[in-house]
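One point on numbering: in the numbering used here, the residue at position 89 of the sequence shown is 1478, and numbering is uninterrupted. Report on one structure; see the data block that follows.
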Amino acid sequence: MGAESKLITSYIASIVKKYLPKNEEIIHSGLFLLSTREEQLKIPDWYYNGYSVISETVSSYLQTLCMEKALTFTNNGMYLFIDDQDTIPSEDIETAVTAVNNMLPDCESGIKIVKAANREFQLKHIGAVR
1390 MGAESKLITS
1400 YIASIVKKYL
1410 PKNEEIIHSG
1420 LFLLSTREEQ
1430 LKIPDWYYNG
1440 YSVISETVSS
1450 YLQTLCMEKA
1460 LTFTNNGMYL
1470 FIDDQDTIPS
1480 EDIETAVTAV
1490 NNMLPDCESG
1500 IKIVKAANRE
1510 FQLKHIGAVR
């Protein structure tokens, strides 16, 4: 697994572990915010749809993490982190959680992540139009 792939995987796991609700919109929005602050995180195929950030790359990572039993997808459409999984080393998760806390200090909930991503997207979108 390459360094960037490992970083994306760790960030996804830390977002699922940390924020509520644990749905795909929160994960995509959180990664979008992290990508604006983390130089090493370059996800090339972001597609913008209003405030939601949707990426086939991220969806693929989520599917892989579910197949590897690091995450599970519940009947009510939420992701859960599996505490006793073997896919992501605990040190990587701890490092990612610390990084997420430092990069997103004002985002205590998933709803705040989505709102912050919406603001960030609009700033970038409006700035690009000018």
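Backbone N, C-alpha and C fix where the C-beta goes; we use that ideal spot for every residue, glycine too.
Output needed for residue i: all residues of its chain with C-beta closer than 7 Å, excluding positions within five of it in sequence on either side, in chain order.
i, result
"M1492", "L1423, R1426, E1427"
"Y1440", "Unreliable placement is indicated for Y1440, whose pLDDT of 43 sits below 50; the coordinate value is still reported in the next sentence. Counting only Cβ-Cβ distances below 7 Å, and skipping sequence neighbours, we find V1503, A1506, N1507, F1510."
"L1396", "Q1429, L1430"
Identify the continuous alpha helix (DSSP H) that holds residue i and give its terminal residues.
i, result
"L1396", "1392–1407"
"T1453", "1445–1456"
"N1490", "1479–1492"
Which residues mark the beginning and the end of the beta strand (DSSP E) in which residue i is found?
i, result
"T1461", "1460–1462"
So for residue i, helix, strand or coil by DSSP?
i, result
"L1420", "helix"
"L1469", "strand"
"I1500", "helix"
If I measure Cβ to Cβ from residue i and keep anything under 8 Å in the same chain, skipping five residues before and after, which residues do I get?
i, result
"V1405", "K1411, I1416, L1460, Y1468, L1469, F1470"
Skipping 5 residues on each side, what residues in its chain have a beta carbon closer than 6 Å to that of residue i?
i, result
"G1419", "I1404, I1502"
"G1499", "Y1408, L1409, P1410, I1415"
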